[in-house]
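Q: Protein sequences appear in the order of chains A and B. Start counting the first sequence at 82; every next residue gets the next number (my numbering). Start counting the second sequence at 16; every next residue gets the next number (my numbering).
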Amino acid sequence: MSKTAIISAKDVDVFYGEKQALNKINLDIPENKVTSLIGPSGCGKSTFLRSINRMNDLVDICRVEGSITIKGQDIYAPEVDVVALRAKVGMVFQKPNPFPKSIYENVAYGPKIHGLAKSKTDMDELVEWSLIKAGLWKEVKDRLDQPGTGLSGGQQQRLCIARTIAVKPQVVLMDEPCSALDPIATAIIEELIDELRNNFTIVIVTHSMQQAARVSQRTAFFHLGELVESGATKSIFTSPEDERTQNYIMGRIG
Amino acid sequence: MTDFITPSSQLKTRKSAEKRFQWYGRGAIIASLVFLVVMVGSILYKGSGAFTTTDVAIVVDLGPEAVDPANPQDARFEKIVKDALKARFPEATKRADRRKLYGLVSNDAGFELERFVLANPDKLGGEVRVWFRASDDFDILLKGTVDRTVDESERRLSDQEIGWIDTLLADGDVKRGFNWSFFTNGDSREPELAGILSALVGSALTLLVCFCFSFPVGILAAIYLEEFAPKNRFSDIIEVNINNLAAVPSIVFGLLGLSMLLNTFGMPRSSPLVGGLVLSLMTLPTIIIAARASLRAVPPSIREAALGMGASPVQATFHHVAPLALPGIMTGTIVGMAQALGETAPLLMIGMVAFIVDVPQSILEPATALPVQIFLWADAPERAFLEKTSAAIIVLLLFLITMNLLAIVLRRRFEKRF
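(1) Can you give me the Cβ contacts of residue 97/B inside the same chain, cut-off strictly under 6 Å, excluding the 5 residues immediately before and after it?
(2) Please list, in chain order, all residues of the same chain as residue 183/A whose beta carbon is under 8 Å from its beta carbon, the five residues on each side excluded.
(3) Taking only beta-carbon atoms, is residue 433/B less than 8 Å away from chain A?
(4) Taking just the CA atoms, how far does residue 120/B sit from residue 102/B?
(5) Is residue 228/A helix, strand or coil when you go by DSSP?
(6) Interface residues of chain A around residue 326/B at Cβ under 7 Å?
(7) Using a cut-off of 9 Å between C-beta atoms, extract the partners of residue 319/B located in chain A.
(8) I need the DSSP call for residue 195/B, collapsed to helix, strand or coil.
(9) Can you grab the Cα-Cα spacing for the pair residue 433/B / residue 336/B, in whole Å?
(10) Under 8 Å Cβ-Cβ, which residues of chain B neighbour residue 245/A?
(11) Which bits of chain B does residue 191/A rub up against, with CB to CB less than 9 Å?
(12) Which same chain residues end up closer than 7 Å to residue 155/B when comparing Cβ atoms and leaving out the 5 residues on each side of it in sequence?
(13) Residue 204/B by DSSP, collapsed to three states: which one?
(14) Could you check how far apart the C-beta atoms of residue 180/A and residue 317/B are, in whole angstroms? I think they sit under 8 Å.
(15) Output, in chain order, the set of chain B residues within a Cβ distance shorter than 8 Å of residue 278/A.
(16) So, using beta-carbon positions, are residue 149/A and residue 90/A closer together than 8 Å?
(17) I'd like to check one pair, residue 66/B with residue 200/B: are the Cβ atoms closer than 8 Å?
(18) Is the region 73-90 of chain B in contact with the region 410-429 of chain B, if contact means three or more CB pairs nearer than 8 Å?
(19) When Cβ atoms are compared, which residues of the region 287-316 of chain B fall closer than 8 Å to chain A?
(20) Report the neighbours of residue 215/A on chain B: residues whose CB is nearer than 9 Å to its CB, in chain order.
(21) What do you reckon, are the CB atoms on residue 189/B and residue 71/B nearer than 8 Å?
(22) Beta-carbon separation of residue 137/A and residue 143/A under 8 Å?
(23) For residue 146/A, which of 252/A, 232/A and 105/A has the nearest alpha-carbon?
(24) Contact check, residue 444/B vs residue 229/B under 8 Å by CB: the rounded distance?
(25) Quick one: is residue 82/A near chain B, going by C-beta distance under 8 Å?
(26) State the DSSP-derived secondary structure class of residue 313/A, mapped to helix, strand or coil.
(27) Report yes or no: do the region 300-320 of chain B and the region 239-259 of chain B share at least 3 C-beta pairs separated by less than 8 Å?
(28) Determine whether the Cβ of residue 330/B lies closer than 8 Å to any Cβ atom of chain A.
(29) Quick one: list the residues of chain A neighbouring residue 246/B, beta-carbon separation under 8 Å, in chain order.
(30) Using a beta-carbon distance below 8 Å, is residue 164/A in contact with chain B?
(31) Can you tell me which of 296/B, 390/B and 36/B puts its alpha carbon nearest to the alpha carbon of residue 233/B?
(32) List the residues that DSSP assigns as beta-bridge partners of residue 109/A.
(33) For residue 392/B, count neighbouring Cβ atoms within 10 angstroms of its own Cβ and tell me buried if that reaches 16, exposed if not.
(34) Does the region 244-264 of chain A come into contact with the region 171-178 of chain A, if we say contact requires no fewer than three beta-carbon pairs (one atom in each stretch) closer than 8 Å?
(35) Is residue 163/B near the ligand MN, going by C-beta to nearest heavy atom under 7 Å?
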């Protein structure tokens, strides 16, 4: 485990019923950096991402073995409060999924249930801070009471990011956050990710190699449930050690 | 120039198949509309008579010998009315004729006069013209339900009675008016006095009990089964049985209410409390099934979004999933309540078929319900109950429409929140 690693996975196996989805994953994720998980569909990268905030618990037949520690604490220990874990490890999903409520309520929901704002003024400030961080404030500050579902796709995704960071998590997991967006919205979100890493550790699953190269400092390549290779993004893309990584990056498998 | 698109050989059959199908659909809609119009039309036609009524004016003697001004309530009001009728038509001297004469006004005429006297003490001391409710035979003769031309032996009213009525008509002592008492009275043996209020209140109380029990229980059961219950063989069995319950004939629930609620728990017989509980057994499966379907229709991404930000499963359900499912849940509840409103069989089993004159004041008092009242009136021998039956059906339908409108308004309001 490197000194700066915040998340550390050791021998992680994930099963869906009889089927093994992940096989002995060992991966360290450094703090305040963007780590991207790449690999062909069905390789287990999303499964791994969802193991980090235990969203896999929602799947009845899913079983996780091995250990994942965040800041040294085993998140699969029996005494861990999953709700508190998910407050510290936020998640942004593939399809923008704002709540069918107003923009303000979308962002204020997390702080409200976790009791992060003592007064209305506190809450207003927190909502503004989150929307500014998510680069959405200028566009929506005059219509905070309008439904979040009325925004464009890219705006909705930034609203989801604002909603996630409003809880002040340490880690933000992003599961293909741009796959439903057009290139312009994608570019805005990528810029945003680059800024967010100053405050948060970001793990992003992406199908776009260019995106991984653009936004991340570290990259991990998954293939058929195994972690093939991980390291600095630059070295993975310029001089991959494994043949499979090279083939994938060159577009020969996937 | 070549023909890029040449008409397909199947074009004709395809087009005629499409036309044929559209006509089938239109035919189905027209058929159901015709049925609806005929049904509602005949009910309205038959029932409209019940909303008007006939009153007769008779000059009664309220002199000091008849009514003591000090104690007006002790007077023999029935006798006063009879004397007044005798004075109006002195030709009726035989006992049988007199009985027919007294039958021109309602049996209740004595009480009507008492109410009049107690309300207008200043009218005492002389002869006063007072309006009395006419009897049902008198009333339906004027409405044209009875044919004057058939042989006297086949009519309920003799030529003599018709003669009296014509005299009264000619003298301007008969008036027709809106039948307010239909909405303010309870049931009665006399059609001209029978009203719908006790059945209406009984139905409302029963439905209230039914709603208060089945709505929360149904929603909680549906939310637990859909959002929290582990999916295993046991929950499968529960699911199958809920679906089966929805198909159980309602009279079986009535028997269950009879043996459990009345005999074992000793709840009051004929009461809206028992009626409502029995009906809620019937509506519960409907509500649970509808609620589960609408919970399932909430996109999983909403659940994930809430859980992903650290909402607990209960928070995710009650803050996000349940509010989104609420309009669908309410639709299911309306369907269930509408069924409950029209249900008769289980109420017969628990004694709500009783003859209820007084308007029930609480859910523990004996009551009857609208469909049961319709059943009772349809069964009554008096001709005049025919129009009452149709009128009661109109009231039932209006009740149903009001209830549905209310639910639609509420649903709209909930939908607007999002």
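Here a beta-carbon is modelled for each residue, glycine too, at the ideal position from N, C-alpha and C.
A: In this structure, then:
(1) Counting only Cβ-Cβ distances below 6 Å, and skipping sequence neighbours, we find 117.
(2) So the list reads 225, 226, 227, 228 and 229, once near-sequence residues are dropped.
(3) Low per-residue confidence applies at residue 433/B: pLDDT is 48, beneath 50, and the placement is therefore not dependable, though the value from the model is reported in the following sentence. Contact with chain A is found for residue 433/B, since one of that chain's Cβ atoms lies less than 8 Å from the residue's Cβ.
(4) Rounded to whole angstroms, the separation of the alpha carbons of residue 120/B and residue 102/B is 15 Å.
(5) Here residue 228/A carries a strand assignment [DSSP, helix/strand/coil].
(6) Going along chain A in sequence order, the residues near residue 326/B (Cβ under 7 Å) are 194.
(7) Contact note: residue 319/B reaches chain A through 136, 139, 172, 174 and 178, using a C-beta cutoff of 9 Å and chain order.
(8) In the structure shown, the three-state DSSP call for residue 195/B is coil.
(9) At residue 433/B, the pLDDT of 48 sits below 50, so the modelled position is not reliable; the number obtained from the coordinates is stated separately. For residue 433/B and residue 336/B, the gap between their C-alpha atoms comes out near 12 Å.
(10) Ordered by position in chain B, the residues that pass the 8 Å Cβ test against residue 245/A are 323 and 324.
(11) Within chain B, the residues near residue 191/A are 324, 325 and 326.
(12) Taken in chain order, the residues that qualify are 161, 398 and 399.
(13) Residue 204/B falls in the coil class under three-state DSSP.
(14) Contact flag correct, Cβ pair sits at about 7 Å.
(15) At a C-beta separation below 8 Å, residue 278/A has no neighbours in chain B, since its nearest C-beta there lies roughly 20 Å away.
(16) Yes, Cβ-Cβ distance for residue 149/A and residue 90/A is below 8 Å.
(17) For residue 200/B and residue 66/B, no; Cβs fall outside 8 Å.
(18) Contact between the region 73-90 of chain B and the region 410-429 of chain B is absent, with fewer than three C-beta pairs closer than 8 Å.
(19) Legend: CB atoms of the region 287-316 of chain B lying less than 8 Å from CB atoms of chain A belong to residues 314 and 316.
(20) Listed along chain B is no residue with a C-beta nearer than 9 Å to that of residue 215/A; the closest approach is about 14 Å.
(21) Cβ atoms of residue 189/B and residue 71/B: closer than 8 Å.
(22) Using a Cβ distance threshold of 8 Å, residue 137/A and residue 143/A count as a contacting pair.
(23) When each option's Cα is compared against that of residue 146/A, the closest is 105/A.
(24) Past the boundaries of the shown model lies residue 444/B; chain B is included only from 16 to 433, so the question cannot be answered.
(25) Here the model assigns residue 82/A a pLDDT of 41, short of 50, so the residue's position is not dependable, and the following value carries that caveat. Interface criterion not met: the Cβ of residue 82/A is under 8 Å from no Cβ in chain B.
(26) Here DSSP, grouped into helix, strand and coil, assigns residue 313/A to strand.
(27) Yes, the region 300-320 of chain B is in contact with the region 239-259 of chain B.
(28) Yes, residue 330/B lies at the interface with chain A (some Cβ there is under 8 Å from its Cβ).
(29) Those within 8 Å of residue 246/B in chain A are 141.
(30) Answer yes: the Cβ-Cβ gap between residue 164/A and chain B drops below 8 Å somewhere.
(31) Taking only the C-alpha atoms, the option nearest residue 233/B is 296/B.
(32) Note: residue 109/A sits in a beta bridge opposite 89/A.
(33) Burial is judged here by how many other beta carbons sit within 10 angstroms of a residue's own beta carbon; residue 392/B has at least 16 and is buried.
(34) Between the region 244-264 of chain A and the region 171-178 of chain A, the count of Cβ pairs shorter than 8 Å is three or higher; the stretches touch.
(35) Among the components of this structure there are no ligands whatsoever, and the ligand MN is therefore not found.
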